[in-house]
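Visitor: Residue numbers for the sequence shown follow the numbering used here, beginning at 8 and rising by one.
For every residue, glycine included, the Cβ atom is placed at its ideal position computed from N, Cα and C.
Quantities reported herein were computed from a predicted structural model and do not represent experimental measurements.
There's a structure below that I have some questions on.
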Amino acid sequence: MHKFGGASLATAGLYRTVGDLLIQEAKGRGDTSGMVPTMAIVSARGGMTDLLVKVGCSADCCCVAYRQMITSKIQERVCMHEKQLFKFYSLKLLRSCNTN
Numbered sequence: 008m009h010k011f012g013g014a015s016l017a018t019a020g021l022y023r024t025v026g027d028l029l030i031q032e033a034k035g036r037g038d039t040s041g042m043v044p045t046m047a048i049v050s051a052r053g054g055m056t057d058l059l060v061k062v063g064c065s066a067d068c069c070c071v072a073y074r075q076m077i078t079s080k081i082q083e084r085v086c087m088h089e090k091q092l093f094k095f096y097s098l099k100l101l102r103s104c105n106t107n
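Okay, here's the thing in structure tokens:
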């Protein structure tokens, strides 16, 4: 079992690194025993915990503008990761189609 979060999930590239590590773990040690059961626990990405704390504080203060700013920052971060992952998997799919 592995636990990932914070800095280890701060970028799309780090998501790929974590995924590669889990895939290698699941493949086993190269012997004939086959696949190894592998589990990952994922917590908040880098910087997200601090943003979530600020959201909680802003809700407590009833500061609508601050809450909107934090929500906007979270949405920007999610969009950035989605674009990076889409680009990575689009290129990967294109390469696999070109090799067939």
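Within 10 angstroms of the Cβ of residue 77, are there 16 or more other Cβ atoms? Answer buried if so, exposed if not.
Guide: buried
Visitor: With distances taken from CA atoms, which of 12, 45, 28 is nearest residue 51?
Guide: 12
Visitor: Pair every Cβ in the segment 87-98 with every Cβ in the segment 16-24, then say whether three or more of these pairs are closer than 8 Å.
Guide: yes
Visitor: Please list the segments of the alpha helix (DSSP H) lying wholly inside the segment 64-97, counting only runs of 4 or more residues, in order along the chain.
Guide: Secondary structure remark: continuous alpha helix (DSSP H) runs of at least 4 residues inside the segment 64-97: none found.
Visitor: For the alpha helix (DSSP H) that residue 13 lies in, which residues bound it at each end?
Guide: First-last for residue 13: 9-13, but that is the beta strand (DSSP E), not the alpha helix (DSSP H).
Visitor: Please report the straight-line C-alpha distance between residue 9 and residue 79, rounded to a whole angstrom.
Guide: 31 Å
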